[in-house]
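K.L.:
Pasting in a structure now, in structure tokens, and then I'll have a few things to ask.
Number of protein chains: 2
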Amino acid sequence: SIPSATIERLPLYYRCLDKMATFEETEVVSSKNLGGRLGIPSTQVRKDLSYYGEFGRRGVGYNVKDLKKSIGKILGVDKKWPAILIGAGNLGRALINYTGFSKIGLEISDIFDNDLNKIGNRVGSIQVKSVNKLEETINEKDINLAIITVPSDPAQEVVDEIIEYGIKAIWNFSPTRLYVPDDIFVRNEDLAVGIVSLIYHLSWKIQN
Amino acid sequence: SIPSATIERLPLYYRCLDKMATFEETEVVSSKNLGGRLGIPSTQVRKDLSYYGEFGRRGVGYNVKDLKKSIGKILGVDKKWPAILIGAGNLGRALINYTGFSKIGLEISDIFDNDLNKIGNRVGSIQVKSVNKLEETINEKDINLAIITVPSDPAQEVVDEIIEYGIKAIWNFSPTRLYVPDDIFVRNEDLAVGIVSLIYHLSWKIQN
Ligand SMILES: NC(=O)c1ccc[n+]([C@@H]2O[C@H](COP(=O)([O-])OP(=O)(O)OC[C@H]3O[C@@H](n4cnc5c(N)ncnc54)[C@H](O)[C@@H]3O)[C@@H](O)[C@H]2O)c1
Ligand SMILES: NC(=O)c1ccc[n+]([C@@H]2O[C@H](COP(=O)([O-])OP(=O)(O)OC[C@H]3O[C@@H](n4cnc5c(N)ncnc54)[C@H](O)[C@@H]3O)[C@@H](O)[C@H]2O)c1
Chain A
22 SIPSATIERL
32 PLYYRCLDKM
42 ATFEETEVVS
52 SKNLGGRLGI
62 PSTQVRKDLS
72 YYGEFGRRGV
82 GYNVKDLKKS
92 IGKILGVDKK
102 WPAILIGAGN
112 LGRALINYTG
122 FSKIGLEISD
132 IFDNDLNKIG
142 NRVGSIQVKS
152 VNKLEETINE
162 KDINLAIITV
172 PSDPAQEVVD
182 EIIEYGIKAI
192 WNFSPTRLYV
202 PDDIFVRNED
212 LAVGIVSLIY
222 HLSWKIQN
Chain B
22 SIPSATIERL
32 PLYYRCLDKM
42 ATFEETEVVS
52 SKNLGGRLGI
62 PSTQVRKDLS
72 YYGEFGRRGV
82 GYNVKDLKKS
92 IGKILGVDKK
102 WPAILIGAGN
112 LGRALINYTG
122 FSKIGLEISD
132 IFDNDLNKIG
142 NRVGSIQVKS
152 VNKLEETINE
162 KDINLAIITV
172 PSDPAQEVVD
182 EIIEYGIKAI
192 WNFSPTRLYV
202 PDDIFVRNED
212 LAVGIVSLIY
222 HLSWKIQN
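Here is the structure:
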């Protein structure tokens, strides 16, 4: 089985190759050069890619466009991934308006909220729906992916409901641990951990 | 030296103890119970805390309020941390309006942008300033911490400038690798890595 650290480096390789293919004339790149741009040792680059097959030629390097395409296929970002977002608040709106997600195939098709003041409003080009329409939308559009930007208290309840309707993968921004069946993927983004670890280092630096 | 994985678990213990102290009557908690709420083995909880001293009594457990206070002190979240935010766009506005950061002492005091249409507008209770005022603000208010929510292209330039003015720690949301001197702390939040790894797992599940 492939280490999760390897899986998490693939998007970094993909973005770097995408930038090279878009902004530079570079046709071929070595593992040393690709790694150097990301602060990753060249041995690690070769090892990560070896889990997925043979890429490039020894001593020559990798063809930038080919490798980008191969990694894109491995990641699945060459396909379209319709998703729903629940919680049309501050963070939800920022995610909906972000143009960067379309490059990886994420397409937020519907937005849900339980606040009567928000239902019916538009965020970007999408109209906020009531949570009463969750079952109908998930079934009609065969949605597998949900983004959770509700407060932590209702998060578990919301997630239980959408799993019942068929959601298979959850991108969770609420700072709470979600209990889900084994066949459901959950990715937690806990922004507070990032800023607190920064404060921790700054605080220790100042004390010493 | 303390492993970064340990440092990153401390905010999770802190938040869990904070919830217990606020919403429950629980006075004492065992490492097994505290770990159980977070999906962390009790041996790991004890090991993490042992880096920072003796807490609780063997066989009895930890006093919830005392342990929360001790971890808060270790993390530095019992102090106030004034910060500036650069890039008053979608994500910047969501971060500014978030009430959860005040619990950990983060206080965004000033917001900057280079877009004439944004300068002078209010986000929450703060008025957006021109980037021309960065040096003056960082020096006058002795700010150490900056949040970067500009696009990736200008990010390095912005960071070079604020380090020159005395910024010591950077919370970076732009999807690009920042080159900074060794004494500067940088924490990168790369939201794309989270969603792409979710798509990766969903895609492989569907293929098999
Ligand atoms: N904004 C940030 O910068 C930030 C940072 C870190 C973490 N978070 C986390 O992200 C989540 C969203 O934060 P925010 O700042 O956008 O909050 P917010 O209060 O602005 O938005 C939350 C939205 O969820 C909706 N909601 C509440 N209960 C619901 C339910 N049962 N079903 C459907 N919708 C429901 C609310 O009506 C609101 O529109 C929170 O869990 C927060 O802790 C946000
Ligand atoms: N919004 C999201 O959900 C999201 C998700 C992932 C990553 N990001 C990253 O976060 C960053 C912000 O994203 P966003 O969606 O808020 O973008 P945005 O375009 O809405 O906001 C960017 C802001 O930065 C300002 N800016 C540009 N150059 C500047 C400079 N040199 N100095 C000061 N201000 C400058 C712009 O005027 C604008 O207000 C980007 O790097 C983006 O890739 C955002």
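Residue numbers (this note's numbering), protein chains in the order written: chain A, 22 to 229; chain B, 22 to 229. Glycine is no exception: its CB is placed at the ideal position from the N, C-alpha and C atoms.
1) Helix, strand or coil for Tyr83/B, going by three-state DSSP, please let me know.
2) Since Phe194/B and Glu178/B are thought to touch, with beta carbons under 8 Å apart, how far apart are those beta carbons, to the nearest angstrom?
3) Do you know whose CA, among Val98/A, Pro32/A, Trp102/A, Ala109/A, lies nearest Asp136/A's CA?
4) Using a Cβ cut-off of 8 Å, pull out every chain B residue sitting near Tyr119/A, in sequence order please.
5) Considering only the beta carbon of each residue, do Ile168/A and Leu106/A sit closer than 7 Å?
6) The beta strand (DSSP E) with Glu128/B in it runs from where to where?
7) May I ask you to list the residues that DSSP assigns as paired with Ala167/A?
8) Based on Cα-Cα distance, which residue from Leu116/A, Asp87/A, Asp163/A lies nearest to Val144/A?
9) For Ser146/B, which of Leu155/B, Asn153/B, Ile129/B, Val171/B has the nearest alpha-carbon?
10) Can you confirm whether the segment 38 to 45 of chain B touches the segment 218 to 226 of chain B when touching is taken to mean that 3 or more C-beta pairs between the two stretches lie within less than 8 Å?
11) For ligand 2, any of its heavy atoms closer than 6 Å to the Cβ of Arg206/A?
12) Looking at ligand 2, does it come within less than 6 Å of Pro32/A, judged from the CB to the closest heavy atom?
13) Between Ile227/A, Val214/A, Leu212/A, Ile184/A, which lies nearest to Asp203/A when the distance is taken from Cα to Cα?
14) Check this for me: beta carbons of Ile164/B and Ser151/B, under 7 Å apart or not?
15) Which chain B residues are close to Arg67/A, counting only those with a beta carbon under 7 Å from its beta carbon?
16) Expressed to the nearest angstrom, what Euclidean distance is found between the alpha-carbon atoms of Glu142/A and Lys100/B?
17) Quick check on the DSSP output: the beta strand (DSSP E) that includes Phe206/B runs from which residue to which?
18) Verify the CB distance criterion: does Ile28/A have a CB-CB separation below 7 Å to chain B?
19) When Cβ atoms are compared, which residues of the segment 190 to 203 of chain A fall closer than 7 Å to chain B?
20) At least one CB of chain A closer than 7 Å to the CB of Gly141/B: is that the case?
21) Among Ile23/B, Pro24/B, Arg30/B, Ser22/B, whose alpha-carbon lies nearest the alpha-carbon of Val217/A?
22) Measure the C-alpha to C-alpha separation of Asp39/B and Ile205/A and round it to an integer number of angstroms.
23) Can Trp102/A and Leu166/A be called in contact, C-beta distance under 7 Å?
24) Taking any Cβ of chain A, which residues in the segment 158 to 177 of chain B have a Cβ under 7 Å from it, in chain order?
25) Do you know how far the Cα of Gly57/B is from the Cα of Arg36/A?
26) Does the beta carbon of Ile188/A come closer than 7 Å to any beta carbon on chain B?
27) Listing by chain order, which chain B residues have their CB less than 8 Å from the CB of Val214/A?
28) Let me confirm a value: Pro262/A is counted as buried when at least 16 other C-beta atoms fall within 10 Å, else exposed. Which label applies?
29) In terms of DSSP beta bridges, what is Ser151/B paired with?
30) Please decide whether Gly56/A counts as near chain B, where near means a Cβ-Cβ distance under 7 Å.
31) Using beta-carbon positions only, say whether Thr113/A and Thr170/A come within less than 7 Å of one another.
P.N.:
Reading off the structure:
1) Residue mapping note: residue 83/B aligns to position 62 of the second sequence, counting from 1. The answer is strand: DSSP assigns Tyr83/B an E or B state.
2) Taking the first residue of the second sequence as position 1, residue 194/B is located at position 173. Taking the first residue of the second sequence as position 1, residue 178/B is located at position 157. Incorrect: roughly 16 Å between the Cβ atoms, too far for contact.
3) Within the first sequence, the letter at position 115 stands for residue 136/A. Among Val98/A, Pro32/A, Trp102/A, Ala109/A, the Cα nearest to that of Asp136/A is on Ala109/A.
4) Residue 119/A sits at position 98 when you count from the first residue of the first sequence. Residues of chain B with a Cβ closer than 8 Å to the Cβ of Tyr119/A are, in chain order, Asn111, Leu112.
5) For the purposes of this step, residue 168/A is taken as residue 147 along the first sequence, with counting starting at 1. For the purposes of this step, residue 106/A is taken as residue 85 along the first sequence, with counting starting at 1. Contact flag set, yes.
6) As a working note, residue 128/B is residue 107 in the second sequence. Unbroken beta strand (DSSP E) run through Glu128/B: 127 to 134.
7) Residue 167/A sits at position 146 when you count from the first residue of the first sequence. As computed with DSSP, Ala167/A is found in a beta bridge with Ile105/A, Ile191/A.
8) Reading the first sequence from its first residue, position 123 is the one you call residue 144/A. Nearest to Val144/A by alpha-carbon distance, out of Leu116/A, Asp87/A, Asp163/A, is Leu116/A.
9) In the second sequence, counting from the first residue as 1, residue 146/B sits at position 125. When only C-alpha atoms are compared, the closest one is Ile129/B.
10) With a cut-off of 8 Å on Cβ pairs, the segment 218 to 226 of chain B is not in contact with the segment 38 to 45 of chain B, counting fewer than three such pairs.
11) Stepping through the first sequence from its first residue, residue 206/A is reached at position 185. The question names Arg, yet the displayed sequence has Phe at residue 206/A. No, Cβ of Phe206/A sits at least 6 Å from all heavy atoms of ligand 2.
12) Reading the first sequence from its first residue, position 11 is the one you call residue 32/A. No, ligand 2 has no heavy atom inside 6 Å of this Cβ.
13) For the purposes of this step, residue 203/A is identified with residue 182 of the first sequence, where counting begins at 1. The alpha carbon of Asp203/A has as its nearest neighbour, out of Ile227/A, Val214/A, Leu212/A, Ile184/A, the alpha carbon of Ile184/A.
14) Position 143 of the second sequence, counted from the first residue, corresponds to residue 164/B. Position 130 of the second sequence, counted from the first residue, corresponds to residue 151/B. Not in contact: Ile164/B and Ser151/B (Cβ atoms no closer than 7 Å).
15) Translated into the one-based positions of the first sequence, residue 67/A becomes position 46. Here the premise fails: no neighbours, minimum Cβ distance about 20 Å.
16) The sequence position of residue 142/A within the first sequence is 121, counting from 1. The sequence position of residue 100/B within the second sequence is 79, counting from 1. The displayed chain sequence assigns Asn, not Glu, to residue 142/A. Each residue's Cα considered, the two are about 40 Å apart.
17) Looking up residue 206/B in the second sequence gives position 185. Phe206/B -> beta strand (DSSP E) spans 206 to 209.
18) In the first sequence, the residue the question calls residue 28/A occupies position 7. For Ile28/A, the answer is yes, since a Cβ of chain B falls inside 7 Å of its Cβ.
19) Taking 7 Å as the Cβ-Cβ cut-off against chain B, the residues of the segment 190 to 203 of chain A that qualify are Ala190, Trp192, Pro196, Arg198.
20) What you label residue 141/B is simply residue 120 of the second sequence in a count that begins at 1. For Gly141/B, the answer is no, since every Cβ of chain A falls outside 7 Å of its Cβ.
21) As a working note, residue 217/A is residue 196 in the first sequence. Taking only the C-alpha atoms, the option nearest Val217/A is Arg30/B.
22) As a working note, residue 39/B is residue 18 in the second sequence. As a working note, residue 205/A is residue 184 in the first sequence. Taking C-alpha positions only, Asp39/B is separated from Ile205/A by approximately 29 Å.
23) The count along the first sequence starts at 1 and reaches residue 102/A at position 81. The count along the first sequence starts at 1 and reaches residue 166/A at position 145. Here Trp102/A is near Leu166/A, since their CB atoms are less than 7 Å apart.
24) For chain A, the residues of the segment 158 to 177 of chain B that bring a beta carbon within less than 7 Å of one of its beta carbons are Asn165, Leu166, in chain order.
25) Residue numbering aside, residue 36/A sits at position 15 when the first sequence is read from its first letter. Residue numbering aside, residue 57/B sits at position 36 when the second sequence is read from its first letter. Going by C-alpha positions, Arg36/A is about 37 Å away from Gly57/B.
26) Reading the first sequence from its first residue, position 167 is the one you call residue 188/A. At a cut-off of 7 Å between beta-carbon atoms, Ile188/A makes no contact with chain B.
27) For the purposes of this step, residue 214/A is taken as the residue at position 193 of the first sequence. Residues of chain B passing the Cβ test: Glu29, Pro32, Leu33.
28) An answer regarding residue 262/A cannot be provided, because it is not within the stretch 22 to 229 covered by chain A.
29) Residue 151/B sits at position 130 when you count from the first residue of the second sequence. Under DSSP, Ser151/B takes part in a beta bridge, and its partners are Asp134/B.
30) Locating residue 56/A in the first sequence gives position 35, counting from the first residue. So no, Gly56/A is outside the interface.
31) Taking the first sequence and counting its residues from 1, the one referred to as residue 113/A is at position 92. Taking the first sequence and counting its residues from 1, the one referred to as residue 170/A is at position 149. The sequence shown places Gly at residue 113/A, not Thr. Here Gly113/A is near Thr170/A, since their CB atoms are less than 7 Å apart.
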